[in-house]
Structures are given as structure tokens and as C-alpha cells.
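Worksheet for the structure shown next.
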Amino acid sequence: MPLTQHRTTLTQFLIEERRRYPHASGDFNSLILSVALACKSIARSVAFGALGGVLGNAGGAINVQGETQKKLDVLSNDVFLRFNEWGGHLAGMASEEMEDPYQIPDHYPKGKYLLVFDPLDGSSNIDVNVSVGSIFSVLRAPDSTRAATQQDFLQPGTEQVAAGYAVYGPTTMLVLTVGNGVNGFTLDPNLGEFILTHPALQIPPDTHEFAINASNSRFWEAPVKRYVDECLAGKTGPRDKDFNMRWIASMVAEAHRILMRGGVFLYPRDTKDTSKQGRLRLLYEANPIGFVMEQAGGRVSTGRQSVLEVRPSSLHQRIGLVFGSKNEVDRIERYHHEPQ
Ligand code: AHG
Ligand code: MN
Ligand code: MN
Ligand code: MN
């Protein structure tokens with residue numbers, strides 16, 4: 001692209017958005033730019049891979065989820081904390097990798113937002129060089145004069161001020177919603193800037209692509225079995241069309257594919273010991289991805305109701321998750337409400 005051609009950077013985009021709110025302080029923009037900087041830093045570590053000595057497990061440490069932490073899980077969590085703690089716009093942070101909320105150190109001012117994140121989604125794919133990402137959600141702090149408590153974070157997804165993710169794939173992209181549609185930015189590695197390349201993203205309401213971990217099929221509930229069986233039956237079944245299936249095992253990469261070309265993702269609750277309440281986490285996986293989906297004309301559901309309306313009961317709560325093309329999510333919800 002010629003150097004003289006104007007391209008909208010994330011910074012310009014945020015400043016122009018802010019002009020719609022004449023009284024805005026600029027704190028929110030600083031916060032999003034700090035998150036974006038954290039994502040750029042993580043993208044660099046991911047890109048260096050084995051050369052940077054960042055692959056493999058983090059010395060056997062187990063996180064609050066009962067998962068063995070990867071070096072990059074720990075590093076990405078630290079990057080999010082260090083890049084966001086100093087700016088004065090946060091009252092606290094919470095993450096997949098920390099049992100309790102992170103307190104902003106006393107020597108930094110506190111602010112009016114809460115940041116919740118999955119520093120690295122798709123950890124199992126790091127060592128095999130498949131796309132991973134970071135997911136984040138911004139909430140308002142109930143009280144910006146004191147350190148945030150666990151309870152402060154337990155807000156339904158409808159309360160999110162902003163949400164998004166970065167995907168570290170063949171290119172690094174940042175996808176963001178501030179509640180006014182969804183915009184996608186591609187990292188220009190020469191400039192070190194996110195450039196608006198995918199404005200006003202919209203998810204097609206219909207699809208013939210679904211994503212589910214089929215190795216769990218024996219644990220699925222009847223409505224999920226019915227839905228997948230009908231997809232698999234293709235043209236000869238009630239759906240009257242052939243379907244295609246994908247499973248990357250990085251939810252963030254699946255969400256990105258769905259945002260680009262439609263599709264539906266399911267990680268439903270099932271009867272397996274580890275996913276009786278679902279596998280993915282409400283506050284830093286389901287809610288932010290759900291907010292992005294809904295802002296792009298898609299839907300997010302537990303299978304039974306909108307994820308965004310669920311009132312969280314704990315920081316690391318898991319939940320059944322279905323998202324993507326509207327008509328498929330509607331259908332899956334309908335199957336859950338019909339007698340099987
Ligand atoms: P994380 O790496 O943040 O722990 O999340 C992994 C999640 C999600 O990205 C993916 O969709 C899912 O785990 C894959 O689960 P299975 O291994 O059960 O397929
Ligand atoms: Mn994990
Ligand atoms: Mn994750
Ligand atoms: Mn993670």
C-alpha cells in the first residue's frame with residue numbers, strides 16, 4: 001500500500017469514537033490502547049516460538065481450573081497485568097490464570113473500569129503452531145475509590161462496556177466492540193499499529209458450517225445430539241443441505257472464522273465430569289465472545305437462554321456455550337425447549 005494512502009489506526013478509530021461523547025475523559029481509550037499493546041507484545045512472543053524459549057509447560061504449575069499452565073499462559077497473564085496496572089483506569093483485574101482478582105498496587109491510582117481476560121486461549125495449540133489468542137472484557141467498577149472485590153466482577157454480560165479478542169494467526173488481528181458494532185484491525189508489523197481492515201463486521205444469519213468436539217458425543221444431551229445428527233444427515237435429512245465441520249480447539253480462532261464467514265460453535269454442557277456446567281468460562285470467554293457475536297448480528301446462548309443475561313455466581317464459573325449465525329443458534333435453543 002503506498003505510504004501516502006490514509007489508513008485508520010486503532011488510535012484514530014478510538015479518538016473518533018470518543019468524539020461522539022463530548023464528556024468522555026479518555027480513560028477508556030487509554031485502557032483499550034493498553035490492552036492492544038499487551039496483545040502486540042504477546043503476538044511477538046508467540047511469533048518467536050521455540051526461538052524465544054516460550055514453548056512447553058511452566059514447570060508443572062496447575063491453575064485454578066486444574067489445568068497445567070503453559071509458559072505462554074503465565075507470560076501472557078503477566079503481560080496483561082504489567083501493561084494495564086499503571087494507567088489509573090482500573091479498579092482491578094481478573095483472569096483465567098489467577099484464582100482471585102488482581103489488586104492494583106497501592107502506588108498506582110485506581111480507576112472506574114474492571115478488566116477481565118483470558119490471556120491465552122487455545123493453550124493446547126501453542127506447541128503445535130496453531131492459532132491462539134487473547135480475550136478481554138471491560139466492565140464498570142461499582143466503586144472506583146477502593147480495590148475491586150470478587151463480587152464486583154460478577155456482572156452479567158449485558159453490562160460489558162467493551163469486549164474483544166486478539167488472534168495470533170497467520171496475521172495478528174484485534175477485534176473490538178464498544179457496543180456500537182464490531183470492527184477488525186490487522187497488525188501492521190512494520191508500523192507496530194493495528195489498522196482498521198474489517199469495519200462493521202456482520203455474521204451471515206445462515207450457515208452450513210458447525211464446530212463441536214465430536215469426541216464428546218456420548219456425553220451430549222438429547223437436543224445437541226439431534227442438532228448434530230441433522231447436520232450430519234446433510235441433504236438426505238431434515239435440513240436439506242450438506243454441512244461442513246471444523247474444530248480448531250482454540251475458541252478464539254473458531255469465533256474469528258465465524259465472524260468472517262458465518263458458522264456455529266457449540267461447547268454445550270454435557271454429562272462428562274469436567275463439563276457438567278459446560279467447559280468454557282462465563283466471565284472471560286463466553287461473555288466477551290458473546291458480546292462480539294451479538295454486536296455483529298449473531299447470537300450467543302447457553303442452549304437455553306442468552307449467555308449475556310446470566311447472572312454470574314463465581315469468578316471462574318463455567319457455562320454451556322453456543323454462538324454464531326443467528327438462525328442456527330435460534331434452532332439449537334428451540335431444540336432445547338422442545339420435548340425430545
Ligand atoms: P484455554 O486454552 O484458555 O484454557 O481454553 C481452551 C478452550 C477453548 O479454546 C477450546 O475451544 C476448548 O478449550 C477446547 O477444548 P477441548 O480440548 O475439550 O476440545
Ligand atoms: Mn487454560
Ligand atoms: Mn480460553
Ligand atoms: Mn487461556
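Just so you know, we're using full-length UniProt numbering here: the sequence shown kicks off at 1 and counts up by one.
Positions of the beta carbon are idealized from the N, C-alpha and C atoms, including for glycine.
Reference residue 135; option with closest CA among 255, 14, 330 and 219: Start at 1 with the first residue of the sequence shown, and residue 135 comes out as number 135. Cα-wise, what sits closest to residue 135 is 255.
Residue 304 - DSSP class collapsed to helix/strand/coil: As a working mapping, residue 304 is identified with position 304 in the sequence shown. The answer is coil: DSSP assigns residue 304 none of H, G, I, E or B.
Element boundaries [alpha helix (DSSP H), containing residue 132]: Counted from its first residue, the sequence shown places residue 132 at position 132. First-last for residue 132: 132-140, but that is the beta strand (DSSP E), not the alpha helix (DSSP H).
Straight-line gap, residue 12 to residue 165 (C-alpha atoms, nearest Å): Numbered from 1 along the sequence shown, position 12 holds the residue referred to as residue 12. Numbered from 1 along the sequence shown, position 165 holds the residue referred to as residue 165. Each residue's Cα considered, the two are about 19 Å apart.
Supposed contact pair residue 36 and residue 426 - C-beta distance, whole angstroms, cut 8 Å: No statement about residue 426 is possible, as the shown extent of the chain runs from 1 to 340 and does not include it.
Cα-Cα separation, residue 17 to residue 324: Start at 1 with the first residue of the sequence shown, and residue 17 comes out as number 17. Start at 1 with the first residue of the sequence shown, and residue 324 comes out as number 324. Roughly 26 Å between the two C-alpha positions.
Cα-Cα separation, residue 337 to residue 304: Counting from 1 along the sequence shown, the entry for residue 337 is found at position 337. Counting from 1 along the sequence shown, the entry for residue 304 is found at position 304. In a straight line, the C-alpha of residue 337 is about 7 Å away from that of residue 304.
Segments assigned alpha helix (DSSP H), at least 4 residues, entirely inside the region 195-278: 222-233 and 251-261
Residue from 71, 227, 67 and 279 whose Cα sits closest to the Cα of residue 59: The residue you call residue 59 lines up with position 59 of the sequence shown. For residue 59, the nearest C-alpha among the options comes from 71.
Complete runs of the beta strand (DSSP E) confined to the region 89-128 [at least 3 residues]: 90-95 and 113-121
Pocket of ligand 4 (residues with CB nearer than 5 Å to any heavy atom), chain order: 96, 118, 120 and 121
Same chain only: Cβ atoms within 8 Å of residue 200, ignoring 5 sequence neighbours per side: The residue labelled residue 200 in the question sits at position 200 within the sequence shown. If we look at residue 200 and ignore the five residues flanking it on each side, its Cβ neighbours are 181, 182 and 183.
DSSP-derived helix/strand/coil call for residue 322: Along the sequence shown, read from residue 1 onward, the residue named residue 322 stands at position 322. It is a strand residue.
Any non-hydrogen atom of ligand 5 closer than 6 Å to residue 77 Cβ: In the structure on display, ligand 5 does not appear, and the ligands it does have are ligand 1, ligand 2, ligand 3 and ligand 4.
Paired residues, beta bridge with residue 177 - DSSP: Numbered from its first residue, the sequence shown carries residue 177 at position 177. Bridge partners of residue 177: 163 and 182.
Whole-Å CB distance - residue 231 paired with residue 243, under 8 Å assumed: Here the question's residue 231 lines up with position 231 in the sequence shown. Here the question's residue 243 lines up with position 243 in the sequence shown. Indeed, because the Cβ distance is near 4 Å, the residues count as touching under 8 Å.
Residue 168 - DSSP class collapsed to helix/strand/coil: Locating residue 168 in the sequence shown gives position 168, counting from the first residue. Three-state DSSP puts residue 168 in a strand.
Nearest to residue 79 (by Cα), restricted to the options 42, 66 and 98: In the sequence shown, the residue the question calls residue 79 occupies position 79. Closest option to residue 79, Cα to Cα, is 42.
Below-7 Å beta-carbon distance, residue 224 vs any chain D residue: The chain inventory of the structure shown lacks chain D, comprising one protein chain alone.
Under the three-state DSSP convention, the category residue 155 falls into: Residue mapping note: residue 155 aligns to position 155 of the sequence shown, counting from 1. The answer is coil: DSSP assigns residue 155 none of H, G, I, E or B.
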